[in-house]
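136 is the number of the first residue of the sequence shown in my numbering; add one for each residue after it. Glycine included, every Cβ here is placed at the ideal spot set by N, Cα and C.
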Amino acid sequence: MKRIIWIYGLISAAIAALNLAWVTIAFKDEAKTGAIDFGGLEWLGWVTLILAYLVIYFAQASYRDNYSGGTITYGKAFKIGLFITLLSAAVYALVWVFIVWNVFPNFMETFSAMQIEKMKASGKSAEDIAKTTREFSTYIELYKNPFFVWGFTFLTEPLPVGLAATLISSFIVKLKKGKPQTAVRA
Numbered sequence: 136m137k138r139i140i141w142i143y144g145l146i147s148a149a150i151a152a153l154n155l156a157w158v159t160i161a162f163k164d165e166a167k168t169g170a171i172d173f174g175g176l177e178w179l180g181w182v183t184l185i186l187a188y189l190v191i192y193f194a195q196a197s198y199r200d201n202y203s204g205g206t207i208t209y210g211k212a213f214k215i216g217l218f219i220t221l222l223s224a225a226v227y228a229l230v231w232v233f234i235v236w237n238v239f240p241n242f243m244e245t246f247s248a249m250q251i252e253k254m255k256a257s258g259k260s261a262e263d264i265a266k267t268t269r270e271f272s273t274y275i276e277l278y279k280n281p282f283f284v285w286g287f288t289f290l291t292e293p294l295p296v297g298l299a300a301t302l303i304s305s306f307i308v309k310l311k312k313g314k315p316q317t318a319v320r321a
């Protein structure tokens with residue numbers, strides 16, 4: 136089981152983290168000047184996370200077919216998915232910390248300025264803008280701590296997507312009967 140978790144977890148991490156790095160590095164200058172909207176990039180990020188966590192199903196099916204005689208319990212499938220999610224999410228968050236500290240150190244300042252400008256352009260009240268500005272000031276300070284950046288990223292981006300994928304794929308893989316290999320290993 137450990138081998139499957141490591142292999143598929145690192146595949147999932149590579150898909151998610153490489154997309155995160157590519158998008159951030161490729162569009163960093165456009166983001167700083169406001170030439171590109173973060174919203175479109177966020178959608179691309181969420182879609183990539185979903186694709187990265189589709190790997191969980193294949194890991195569970197591989198375990199079912201190669202190590203478990205063609206069947207798997209929901210609990211065992213969930214455990215495999217959970218560990219893949221934790222590994223992938225940890226790597227993803229670590230890559231984001233590296234990017235924030237080395238490639239795009241003023242990310243939060245840039246992001247907050249763009250969000251405030253959007254609020255002004257959409258006619259939000261001065262009170263709403265002031266409240267959002269205070270909230271972003273807090274995040275700008277918190278983003279100076281790499282442990283906060285790692286934990287915040289881990290908990291708010293890849294982890295929820297991975298847990299949802301784990302819940303769904305564990306149910307699906309349990310329903311389907313696999314084709315057991317000739318040599319069943321424990």
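- Each of 186, 137, 202, 161 was checked against the Cα of residue 293, and the nearest Cα belongs to 186.
- With a contact defined as Cβ atoms closer than 8 Å, residue 190 and residue 143 qualify at about 5 Å.
- If you check the CB distance, residue 235 and residue 246 do not come in under 7 Å.
- Residues of the same chain with a CB within less than 6 Å of the CB of residue 288, apart from the 5 flanking positions on each side, are 228, 231 in chain order.
- DSSP places residue 188 inside the alpha helix (DSSP H), whose first and last residues are 173–188.
- Taking the CA atoms as reference points, residue 271 sits about 43 Å from residue 196.
- Inter-segment contact for the stretch 253–273 and the stretch 215–226 is absent: fewer than three beta-carbon pairs are separated by less than 8 Å.
- In this structure, residue 305 lies away from residue 188, with their beta-carbon atoms at least 7 Å apart.
- For residue 238, the three-state secondary structure derived from DSSP is coil.
- Between the C-alpha atoms of residue 314 and residue 206 there is a straight-line separation of about 9 Å.
- Around the CB of residue 160, fewer than 16 other CB atoms lie within 10 Å, so the residue is classed as exposed.
- The three-state reading of DSSP puts residue 163 in helix, counting H, G and I together.
- The stretch 270–306 contains no complete beta strand (DSSP E) run of 3 or more residues.
- Here residue 267 really is in contact with residue 250; their C-beta atoms are around 7 Å apart, less than 8 Å.
- A straight line joining the alpha-carbon of residue 175 with that of residue 162 spans about 11 Å.
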